[in-house]
């Protein structure tokens with residue numbers, strides 16, 4: 268009784284305290300729901316980003332394959348050029364001998 272009287276003299280009733288606690292519990296439940304929704308959205312976004320990253324890695328691998336093929340063809344062209352220059356020098360040398 269004395270405790271209840273003290274609370275009422277401070278301007279706060281037992282019912283007000285209980286009501287405030289109930290409000291906090293409701294707000295806490297709502298926050299938990301929002302957190303779950305936010306986590307779900309975050310997981311969806313992360314899954315999308317992982318999918319995009321996998322696609323980028325595949326494109327990079329394809330690009331690397333194309334670059335490797337182009338480098339191989341460039342080397343073949345360099346070799347063909349060297350052979351053509353050598354053949355031309357030989358023809359010029361043969362022409363000077365005659």
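Numbering (the numbering used here), first residue to last: 268 to 365. Ideal Cβ positions, reconstructed from N, Cα and C, are used throughout, including at glycine.
So the alpha helix (DSSP H) residue 310 belongs to, where does it begin and stop? For the purposes of this step, residue 310 is taken as residue 43 along the chain shown, with counting starting at 1. First-last of the alpha helix (DSSP H) with residue 310: 281-364.
Just the C-alpha distance for residue 284 and residue 292, rounded to the nearest angstrom, thanks. The residue given as residue 284 occupies position 17 in the chain shown. The residue given as residue 292 occupies position 25 in the chain shown. Looking at the two C-alpha atoms, the distance is approximately 12 Å.
Can you list, in chain order, the residues of its chain whose CB lies under 8 Å from that of residue 331, leaving out five sequence neighbours each side? Counting from 1 along the chain shown, the entry for residue 331 is found at position 64. Within the same chain, and ignoring the five residues on either side of residue 331 in sequence, no residue has its Cβ closer than 8 Å to its Cβ.
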